[in-house]
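Engineer: Can you keep this structure in mind? I'll have questions shortly.
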Amino acid sequence: MSSYRLTNLVLPISVVVASAVGLLVLAGTNPWDPLQLIVEGSIGWPPFEAGKSAKVGDTVMVWVPIALASAGLIVTFNAGMWNIGIEGQIIMGAIAAAFVAREVSAPRPLLVLLTILAGAVGGLLWGLLVGVLRTAGGVNEIFGGLGLDFVAISFTTYLIIDPWARTGVASTSGTDIFPDAALLPSSSGTRLSLLAIAIALLAIGGVWILFRGTLYGLKLKAVGANLRSSFLMGIPTNRYLLGAFMICGALAGIGGTVQATGFHFKLIPAISGGYGFLAILVVLLARYQAFWVIPISFFFAMIAVGSSQLDLRLDLNSALGGVLQGVLVLSAMFGLGWAAYRTKRQLQEASGGDSG
Amino acid sequence: MKSRKRWLSTLAVFLSFALVAAACGDDSETTTTLDGGTDTTATPSAGAPDDFQIGIILVGPEFDRGYSQAHFEGAQYAIEQLGLPEENLISLDFVNPGDNPGLTPEGVAADMISQGADLVIFNSDDMRDGALAAAEQNPDIPMIWVSGDSAWADGKAYEAELTNLGNVWGQMIFGKMIAGCAAALTTETGELAYLGPLTNDETRRLVNSAYLGAQYCWENFRGESADSLDFTVTYIGFWFEIPGVTLDATQVVNDFIDGGSDVVLSGIDTTQALVRTGQRADAGESLWAVPYDFVDACQEAPGICLGVPYFNWGPAYLDIAQSVIDGTYTADWNWIAPDWSDINAVDSSVVGYGKGDGLSTENAADLDTFIAGLGDGSIQLYRGPLNWQDGSQFLGDGEVATDFQIWYSEQCLEGVVGACSINVFG
Numbered sequence: 029m030s031s032y033r034l035t036n037l038v039l040p041i042s043v044v045v046a047s048a049v050g051l052l053v054l055a056g057t058n059p060w061d062p063l064q065l066i067v068e069g070s071i072g073w074p075p076f077e078a079g080k081s082a083k084v085g086d087t088v089m090v091w092v093p094i095a096l097a098s099a100g101l102i103v104t105f106n107a108g109m110w111n112i113g114i115e116g117q118i119i120m121g122a123i124a125a126a127f128v129a130r131e132v133s134a135p136r137p138l139l140v141l142l143t144i145l146a147g148a149v150g151g152l153l154w155g156l157l158v159g160v161l162r163t164a165g166g167v168n169e170i171f172g173g174l175g176l177d178f179v180a181i182s183f184t185t186y187l188i189i190d191p192w193a194r195t196g197v198a199s200t201s202g203t204d205i206f207p208d209a210a211l212l213p214s215s216s217g218t219r220l221s222l223l224a225i226a227i228a229l230l231a232i233g234g235v236w237i238l239f240r241g242t243l244y245g246l247k248l249k250a251v252g253a254n255l256r257s258s259f260l261m262g263i264p265t266n267r268y269l270l271g272a273f274m275i276c277g278a279l280a281g282i283g284g285t286v287q288a289t290g291f292h293f294k295l296i297p298a299i300s301g302g303y304g305f306l307a308i309l310v311v312l313l314a315r316y317q318a319f320w321v322i323p324i325s326f327f328f329a330m331i332a333v334g335s336s337q338l339d340l341r342l343d344l345n346s347a348l349g350g351v352l353q354g355v356l357v358l359s360a361m362f363g364l365g366w367a368a369y370r371t372k373r374q375l376q377e378a379s380g381g382d383s384g
Numbered sequence: 034m035k036s037r038k039r040w041l042s043t044l045a046v047f048l049s050f051a052l053v054a055a056a057c058g059d060d061s062e063t064t065t066t067l068d069g070g071t072d073t074t075a076t077p078s079a080g081a082p083d084d085f086q087i088g089i090i091l092v093g094p095e096f097d098r099g100y101s102q103a104h105f106e107g108a109q110y111a112i113e114q115l116g117l118p119e120e121n122l123i124s125l126d127f128v129n130p131g132d133n134p135g136l137t138p139e140g141v142a143a144d145m146i147s148q149g150a151d152l153v154i155f156n157s158d159d160m161r162d163g164a165l166a167a168a169e170q171n172p173d174i175p176m177i178w179v180s181g182d183s184a185w186a187d188g189k190a191y192e193a194e195l196t197n198l199g200n201v202w203g204q205m206i207f208g209k210m211i212a213g214c215a216a217a218l219t220t221e222t223g224e225l226a227y228l229g230p231l232t233n234d235e236t237r238r239l240v241n242s243a244y245l246g247a248q249y250c251w252e253n254f255r256g257e258s259a260d261s262l263d264f265t266v267t268y269i270g271f272w273f274e275i276p277g278v279t280l281d282a283t284q285v286v287n288d289f290i291d292g293g294s295d296v297v298l299s300g301i302d303t304t305q306a307l308v309r310t311g312q313r314a315d316a317g318e319s320l321w322a323v324p325y326d327f328v329d330a331c332q333e334a335p336g337i338c339l340g341v342p343y344f345n346w347g348p349a350y351l352d353i354a355q356s357v358i359d360g361t362y363t364a365d366w367n368w369i370a371p372d373w374s375d376i377n378a379v380d381s382s383v384v385g386y387g388k389g390d391g392l393s394t395e396n397a398a399d400l401d402t403f404i405a406g407l408g409d410g411s412i413q414l415y416r417g418p419l420n421w422q423d424g425s426q427f428l429g430d431g432e433v434a435t436d437f438q439i440w441y442s443e444q445c446l447e448g449v450v451g452a453c454s455i456n457v458f459g
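Read top to bottom, the protein sequences are chains A and B. In terms of my numbering, the first sequence opens at residue 29 and continues consecutively. In terms of my numbering, the second sequence opens at residue 34 and continues consecutively.
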């Protein structure tokens, strides 16, 4: 292994390990125990041990929306767009799916398919709205997306508290549970849905293919790299930007469907779970590489599900899991950036030595 | 070469830090502990196995000086009375989808059971779906869904097949009547406000009880006419404020006060009504507040606190835990009355009322008379004629409400101003 590769690998890992250990020591605990408990609380210890199928199911079903949103964000990031509106797109997907789940009667396979399609359409339209604001209205996608996130959250609360309120109850705790026929099929006694996993993997694979083997992906990258040059080269940039938002919105919307019909089984105000924002970190860490979304988002899903063990078993506040997550992301990005900087310096020094 | 040395030295610093930090870490066993718990004897009482554990799932913060803290301390009391060490209480707070979207009550229950819990308590009405699912998944583990009605054979939502899931609730209707009375005795403007959580049968029941207590004392102790007392309720949408989701509780309190109310009663799980009212009072306004749930809640603003209707879950949890230990546990619905011989008896009364410094001596004496009347039955506030808020009849002349009628309060009473069903933001 060359020293450059060693730098790129070891330095970020060292920074991450040191940061995690430092944080946990500051929290007053042995660093190993929390990490082991997060694994145990999410997939069992040893991993995937018998009797932990429900936990594994929960973790996987948290992974699915993060992975789907991450896959979508790879598309918009490659198009040069910061799609902060991803949260709203997840939420609108969940709302659309909830509408179908509550209002449509059909055999289960058909109803499940309809909820997924509705979720995709809901997210797609909300994503398209961000794109239209960007391309036709000149509204920066960060501000437009953020504004639409708030609109989506408020709309969810309105639906839950008023037209979709439980009988005699007006609580932001959520709607009634959906009919069984609308719920994602799952393994007995768990939330684990093979259909949801398949959709997430297909989405990630599709995005990988999009940027590895299609002209559309290549042009999208070109748009992201330089919008004006792409336009001058004859690429209809607005259409490509709108397409990116639509793809991302559709995938996020399916993630919302999974949240509503595969995890909570109802619509709740926080239906997105903050997984859209989390997916932004995933994609940044994955450096827009679709494959790396799989393990990184699974790691975050493990923290989301397993961090309650910190409170249950170590009397540490479970919010420490979120802090740990943030510290790991920041330190990893710092480590990656530092490694890249050092590599560049080394290459420059080597180049200078050769020429001299 | 120089660059490589620098790289290695940097790496060495990081790894050294990691290793040193790891070496300095706490090597203690991974056990459950209680924050702030008092010392307990390590020797279990007779009949309490030393590995008996209670798991309690809290909807809000463990130390909210409100609803969740009352439950937590009740479970602590049970553990202490059983002579068990504090490690035998397993708790998790913030179990709600807003704070922990990846957690479910049934998932937390499964964790607690795998950790050895022999009894699992769900402390919120909001955990209905999770409690039912957990009870179904773990039929051999006794469970309690607090404030629920799944074990009430005559109730609307009886779950006969869940023989391991019981319900417990205190008759807080009396605590709220006392709170309403204290407010009516004190108000200078004749305008009372109630900060409601979400709307359901339980919260309407409590609003109605506070209103009835206020009306009684307004007429019988103050000698005022019934229609000269204003009683307004605004619901925020959940048991406690969730930024961006519920109404802003502090802003609602401001609106109450700006609208003329000088006493704010709280129905939410946290102390914002008392805190905000106290801040306004510190600025020179004549204001008072009545918090809810937790015995020491008045400490947040003692000078303007008229007292607090609170839950004292210890005796109820001890009875339930003892029945589990004895093997006599049955999944019952228990709506427990206060101990009228002393509603503040720590070892026997599930509902109490702790008077606050803001209550005058004269009003405190009237309040005692009122409490005595409730206790001996001479004051019966749920007696007709009473109408619902929409004008329809709730109780005919002389008719006394049954438990069923009070429990399932489908509307607020006539005279209460504010939306009590759906469309709480409207």
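Using N, Cα and C, we set each Cβ at its ideal position, and we do this for glycine too.
Quick check for students: name the residue ranges of the alpha helix (DSSP H) that lie wholly in the region 231-300 of chain B, counting only runs of 4 or more.
Structural biologist: Listed in chain order, the complete alpha helix (DSSP H) runs (minimum 4 residues) inside the region 231-300 of chain B are 234-253 and 282-291.
Engineer: How is lysine 83 of chain A classed by DSSP in three states: helix, strand or coil?
Structural biologist: The answer is helix: DSSP assigns lysine 83 of chain A an H, G or I state.
Engineer: Helix, strand or coil for leucine 51 of chain A, going by three-state DSSP, please let me know.
Structural biologist: Residue state, collapsed to three classes: helix.
Engineer: If you reduce the DSSP assignment to three classes, tell me which class asparagine 121 of chain B lands in.
Structural biologist: Three-state result, asparagine 121 of chain B: helix.
Engineer: Going by beta-carbon coordinates alone, are serine 335 of chain A and isoleucine 112 of chain A separated by less than 8 Å?
Structural biologist: No, they are not a contact pair.
Engineer: Can you tell me the Cα-Cα spacing of phenylalanine 47 of chain B and leucine 358 of chain A, whole angstroms?
Structural biologist: Only weak support exists for where phenylalanine 47 of chain B lies, its pLDDT of 41 falling under 50; the value from the coordinates is given anyway. When rounded, the distance between both Cα atoms is 16 Å.
Engineer: Straight-line CA distance for aspartate 177 of chain A to leucine 228 of chain B?
Structural biologist: Approximately 28 Å, taken between the alpha carbons.
Engineer: Under the three-state reduction of DSSP, which class applies to cysteine 445 of chain B: helix, strand or coil?
Structural biologist: Three-state result, cysteine 445 of chain B: coil.
Engineer: Using a Cβ cut-off of 9 Å, pull out every chain B residue sitting near alanine 82 of chain A, in sequence order please.
Structural biologist: Under the 9 Å cutoff, chain B gives Glu139, Gly140, Ala143 and Gln170.
Engineer: Between valine 44 of chain A and the rest of its own chain, which residues show a CB-CB distance below 8 Å, the 5 nearest in sequence each way excluded?
Structural biologist: Within the same chain, valine 44 of chain A has close Cβ partners Leu356, Ser359, Ala360 and Gly363.
Engineer: Shorter than 8 Å from the beta carbon of phenylalanine 271 of chain B to some beta carbon of chain A?
Structural biologist: Answer yes: the Cβ-Cβ gap between phenylalanine 271 of chain B and chain A drops below 8 Å somewhere.
Engineer: In terms of DSSP beta bridges, what is glutamine 426 of chain B paired with?
Structural biologist: Note: glutamine 426 of chain B sits in a beta bridge opposite B:Asn420.
Engineer: So alanine 226 of chain B is in the alpha helix (DSSP H); what residue range does that whole segment cover?
Structural biologist: Here alanine 226 of chain B belongs to no alpha helix (DSSP H); instead the beta strand (DSSP E) covers 224-229.
Engineer: Cutting at 6 Å between CB atoms, please list the residues of its own chain near tryptophan 421 of chain B, excluding the five before and the five after it.
Structural biologist: Correct list, in chain order: Phe427 and Gln444.
Engineer: Is there a Cβ of chain B sitting closer than 8 Å to that of leucine 456 of chain A, yes or no?
Structural biologist: Lying before the first or after the last residue shown, residue 456 of chain A is absent from chain A, which here runs from 29 to 384.
Engineer: Which class does glycine 363 of chain A belong to by DSSP, given the choice of helix, strand or coil?
Structural biologist: Helix, per DSSP.
Engineer: I want to see whether chain A comes within less than 8 Å of asparagine 133 of chain B, judged by CB atoms only; does it?
Structural biologist: With 8 Å as the cut-off, asparagine 133 of chain B counts as an interface residue toward chain A.
Engineer: Closer than 9 Å between beta carbons: that is the criterion. Which residues of the region 98-130 of chain B meet it against chain A?
Structural biologist: Answer in chain order: Ile123, Ser124, Leu125, Asp126, Phe127, Val128, Asn129 and Pro130.
Engineer: Let me confirm a value: lysine 372 of chain A is counted as buried when at least 16 other C-beta atoms fall within 10 Å, else exposed. Which label applies?
Structural biologist: With fewer than 16 Cβ atoms within 10 Å of its Cβ, lysine 372 of chain A is classed as exposed.
Engineer: Give the residues of chain B in contact with alanine 424 of chain A, contact being defined as C-beta atoms less than 9 Å apart.
Structural biologist: Residue 424 of chain A is absent from the structure shown; chain A starts at 29 and stops at 384.
Engineer: Have a look at the DSSP bridge pairing and note the partners of methionine 120 of chain A.
Structural biologist: Its beta-bridge partners do not exist; DSSP assigns none.
Engineer: Below 7 Å CB to CB, which residues in the same chain sit around phenylalanine 305 of chain A once its five sequence neighbours on both sides are set aside?
Structural biologist: Contacts found: Glu115.
Engineer: Using a Cβ-Cβ cutoff of 7 Å, what residues of the region 276-298 of chain A are near chain B? List them in chain order.
Structural biologist: Per Cβ criterion, the list reads His292, Ile296, Pro297 and Ala298.
Engineer: Can you give me the start and stop residues for the alpha helix (DSSP H) that phenylalanine 155 of chain B sits inside?
Structural biologist: That residue, phenylalanine 155 of chain B, is in no alpha helix (DSSP H); its beta strand (DSSP E) goes 152-155.
Engineer: Can you tell me whether tryptophan 192 of chain A is buried or exposed? The criterion is at least 16 other CB atoms within 10 Å of its CB, across all chains shown.
Structural biologist: So tryptophan 192 of chain A ends up on the buried side.
Engineer: Output, in chain order, the set of chain A residues within a Cβ distance shorter than 8 Å of threonine 303 of chain B.
Structural biologist: Neighbours of threonine 303 of chain B on chain A: none; closest Cβ ~15 Å, over 8 Å.
Engineer: Let me know if proline 342 of chain B comes out buried or exposed under the rule of 16 or more other beta-carbons within 10 Å of its beta-carbon.
Structural biologist: Buried, by the Cβ-count rule.
Engineer: Return the chain-ordered list of same chain residues with a C-beta closer than 8 Å to the C-beta of isoleucine 205 of chain A, the five sequence neighbours on each side being excluded.
Structural biologist: Within the same chain, isoleucine 205 of chain A has close Cβ partners Phe293 and Lys294.
Engineer: Quick one, are the C-beta atoms of tyrosine 496 of chain B and isoleucine 412 of chain B less than 8 Å apart?
Structural biologist: Residue 496 of chain B lies beyond the stretch modelled for chain B, which goes from 34 to 459, so this question has no answer here.
Engineer: Touching or not, the region 375-391 of chain B and the region 116-134 of chain B, by the rule of three or more beta carbon pairs under 8 Å?
Structural biologist: Too few Cβ pairs lie closer than 8 Å, so no.
Engineer: Select from A:Ala46, A:Leu187 and A:Ile296 the residue whose C-alpha is nearest the C-alpha of proline 16 of chain B.
Structural biologist: Nothing can be reported for residue 16 of chain B: it is not among the residues displayed for chain B, which extend from 34 to 459.
Engineer: Does the structure place the region 253-262 of chain A close enough to the region 158-176 of chain B that three or more beta carbon pairs sit under 8 Å?
Structural biologist: Contact between the region 158-176 of chain B and the region 253-262 of chain A is absent, because fewer than three Cβ pairs lie under 8 Å.
Engineer: Taking all protein chains shown into account, decide if glutamate 86 of chain B is buried (16 or more other Cβ within 10 angstroms of its Cβ) or exposed.
Structural biologist: According to the sequence shown, residue 86 of chain B is glutamine rather than glutamate. Buried is the call here.
Engineer: Tell me where the alpha helix (DSSP H) around proline 62 of chain A begins and ends.
Structural biologist: 60-71 is the extent of the alpha helix (DSSP H) around proline 62 of chain A.
Engineer: Take the Cβ of tyrosine 244 of chain A as the centre, count every other Cβ of all protein chains shown within 10 Å, and call the residue buried at 16 or more, exposed below.
Structural biologist: Its Cβ having fewer than 16 others within 10 Å, tyrosine 244 of chain A is exposed.
Engineer: Could you have a look at valine 128 of chain B and say whether DSSP puts it in helix, strand or coil?
Structural biologist: Valine 128 of chain B: coil per DSSP, three-state reduction.
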